[in-house]
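So the protein sequences, as listed, match chains A and R. Heads up: the first sequence begins at 592 in the numbering used here, then just goes up one per residue. Heads up: the second sequence begins at -7 in the numbering used here, then just goes up one per residue.
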Amino acid sequence: MGLTGLFLCTFLVVHMIGNLQLFKNDQGLAFNLYAVLMTTNPFIKTVSYLLYLSIIGHAVQGIYLVFKNKQSRPVQYAVYDGKASSTWASRNMGLLGTILLVFVAVHLSDFWFEYKFGHVPYATYATNLENGDVKFMPAPPDYKQFNKLEETTMSTPEGQFKITIVKNLYLEVSEGFKSPWLVIFYLLSMCAVSFHLYHGFQSAFKSFGINHPKINGIVNFIGTWIFAIGIPAGFAAMPLYFFFK
Amino acid sequence: MSEQNINVTLKVWRQRNSQSKGGFETYPLNDVSTDMSFLEMFDVLNEKLIQEGKDPVAFDHDCREGICGMCSMFINGRPHGPKQAVTTCQLHMRSFKNGETIVVEPWRAKPFPVIKDLVVDRSAFDRIISAGGFISVNTGNAQDANAIPIAKDNADESFAAAACIGCGACVAACKNASAMLFVSAKVSQLALLPQGQPERKQRVMDMVAQMDNEGFGACTNTGACSAECPKEISLTNIARMNRDFLAAEMTAK
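#1: At what residues does the alpha helix (DSSP H) containing I(-2)(R) begin and finish?
#2: Tell me the rounded alpha-carbon separation between N719(A) and W816(A).
#3: Could you pull the DSSP bridge partners for K726(A) from this structure?
#4: For C217(R), which residues in the same chain have their Cβ closer than 6 Å to its Cβ, ignoring the five residues on either side in sequence?
#5: May I have the straight-line CA-CA distance separating P222(R) from Q76(R), to the nearest angstrom?
#6: Going along the region 785 to 801 of chain A in order, which residues come within less than 7 Å of chain R, judged by CB to CB distance?
#7: Would you mind telling me which residues of chain A sit closer than 8 Å to F16(R), beta carbon to beta carbon, in chain order?
#8: Give the DSSP-derived three-state secondary structure of D23(R) in the structure shown.
#9: Taking the alpha-carbon of G158(R) as reference, which of I142(R), D145(R), I121(R), S128(R) has the nearest alpha-carbon?
#10: Determine the burial state of D52(R): buried for a count of at least 16 other Cβ atoms within 10 Å of its Cβ, exposed for fewer.
#11: Roughly how many angstroms lie between the CA atoms of E763(A) and K13(R), to the nearest whole one?
#12: Is any heavy atom of the ligand SAM found at a distance shorter than 7 Å from the C-beta of R100(R)?
#13: Can you tell me whether T228(R) is buried or exposed? The criterion is at least 16 other CB atoms within 10 Å of its CB, across all chains shown.
#14: How big is the Cα-Cα spacing for V670(A) and A201(R)?
#15: Do H787(A) and L687(A) count as a contact pair if the criterion is CB distance below 8 Å?
#16: In chain order, which beta strand (DSSP E) runs of at least 3 residues are fully inside the region 42 to 103 of chain R?
#17: So the candidates are F66(R), R195(R), N90(R), F88(R); which of them puts its Cα closest to the Cα of E241(R)?
#18: Which two residues bound the contiguous beta strand (DSSP E) that contains K753(A)?
#19: Give me the residue from S663(A), F835(A), Q652(A) with the minimum Cα distance to K769(A).
#20: Thinking C-beta only, is V757(A) closer than 8 Å to L773(A)?
#21: Is DSSP giving E742(A) helix, strand or coil here?
#22: Do V49(R) and D118(R) count as a contact pair if the criterion is CB distance below 8 Å?
#23: For S12(R), list the residues DSSP reports as bridge partners.
#24: Just by C-beta distance, which residues in the region 639 to 665 of chain A are closer than 7 Å to chain R?
#25: Does G125(R) come out as helix, strand or coil in the three-state DSSP assignment?
#26: Just the Cα atoms here: how many angstroms apart are F704(A) and V627(A)?
#27: Tell me, please, whether the region -1 to 10 of chain R touches the region 97 to 114 of chain R by the rule of three or more beta-carbon pairs shorter than 8 Å.
#28: With DSSP as the reference, label I817(A) as helix, strand or coil.
#29: Can you list the residues of chain R that N783(A) reaches, using a CB-CB cut of under 7 Å?
#30: Kindly indicate which three-state DSSP category K615(A) falls into: helix, strand or coil?
#31: Quick check: what's the CA-CA separation for G209(R) versus Q662(A)?
#32: Are the Cβ atoms of N234(R) and S798(A) separated by less than 8 Å?
#33: I want to see whether chain R comes within less than 8 Å of D672(A), judged by CB atoms only; does it?
#34: Are the region 678 to 697 of chain A and the region 779 to 795 of chain A in contact at 8 Å, needing three or more beta carbon pairs?
#35: Could you tell me the alpha carbon to alpha carbon distance between C55(R) and A824(A), rounded to whole angstroms?
#36: Would you kindly work out how many angstroms separate the C-alpha atoms of H84(R) and S25(R), rounded to a whole number?
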């Protein structure tokens, strides 16, 4: 549980850093190129299969734990004052995890599945090699190309241009987050991430046997400020950015 | 704090035996001295029940000075009631308000079946101890106590772990009914001392295996066990046991 959990935490950091390119004001060129890299680089592809396995493993083991632990108390208490002795997050990891599993399914079908198997339109970017200006032109709706990425250089009277034709995942993202329901769903899911990691990150260390005053401070600090606050806030900023853009 | 008398309403779990279903009975109790311990209040209730020709409430108790680990009782949603680092026998009625309704249940966990009313069978703990919570010593004269040097820190930590009275509040408090705090305290008290080293790996594997066999839940590090422990056994014991267990599993023959 802890092993897959911490691996998923490292994924979140990478995912966060990569997705920050959504905020770049270049009509999505950097983000779309990043999407190509993430789906073609052999190393990243290998790690991504490990990631899918980790998500499934983490979920299956989590569900198993919830049911096994329920069996250890067949008769429930009439009155149980959980808040007197433990945090809400620590007692509701199963519920939070279930929300996150639903979120992962929706998130993957919206973007990952669409990108790989669905119909994502292509976009053409002309980058002026002298001043770096990017010009954006949508490709015709029925346009298809063999490679995910085509790059050519063109000389025109106005100067040298690099022409980039790439699947426009950025459009999918920016259009998707025009829907208030999707934005609300994402924000709620990020709250679930926050509470899940507030307990989960430091709990993983305890499961590995790491619980010592010398280390707990830094573990709790990272768990709270980076994983429970920084990461969810950063991800939550993305749907909000496109909704209000 | 001056003595006064309060009226309380008790909602007590009554169950004839381990097979029967059980349910709550409500008992109003008037003129309860705030200087009474919680168990003395139950003594008064039971005398009243006996005088009325009713079956008194069965509950576990022995030393009544907070060191034997016999008393249990899940009071208003918390093991050993609302106070920290206190057993039920050391809990006093001054911790309750006049007119309060107090809900009293037995420990609830599959490995702790109810014998009668508030009494549960905690012999699962004894079987875990039998599985490895001991050191093997040759017969004959005991060695001089000071012959084995022990670091003061380790002696202190070992003693703190050994303060566990095995009452089962950790299991009762845990949302998973996990016994990790109890088992880890019993593993740690020996793992921290030189005398515990020869059987250290085997001990942790055997005790964890027995714990799982008994049907206790898995630890999710909520920390409720330590927060509710009347002896304030530290969560660090669980981490130590996890460390020892991982190392033992990886190196055991």
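Backbone N, C-alpha and C define an ideal beta-carbon position, used for all residues, glycine too. As the structure is a computational prediction, the values presented were derived from the model and not from experiment.
Looking at the coordinates:
#1: That residue, I(-2)(R), is in no alpha helix (DSSP H); its beta strand (DSSP E) goes -3 to 6.
#2: 41 Å
#3: A717(A)
#4: C162, A165, C166, L173
#5: 7 Å
#6: S794, K797, S798, F799, G800, I801
#7: A669
#8: strand
#9: I121(R)
#10: buried
#11: 58 Å
#12: For the ligand SAM, the structure offers nothing, since it holds no ligand at all.
#13: buried
#14: 31 Å
#15: yes
#16: 93 to 97
#17: R195(R)
#18: 750 to 758
#19: F835(A)
#20: no
#21: strand
#22: no
#23: In the DSSP output, where bridge partners are listed per residue, S12(R) has none listed.
#24: L656, K659, N660, Q662, S663, R664, P665
#25: coil
#26: 14 Å
#27: yes
#28: helix
#29: Reading off the sequence shown, one finds Ala at residue 783(A), where the question assumed Asn. Those within 7 Å of A783(A) in chain R number zero; the least Cβ separation is about 17 Å.
#30: coil
#31: 8 Å
#32: yes
#33: yes
#34: yes
#35: 54 Å
#36: 9 Å
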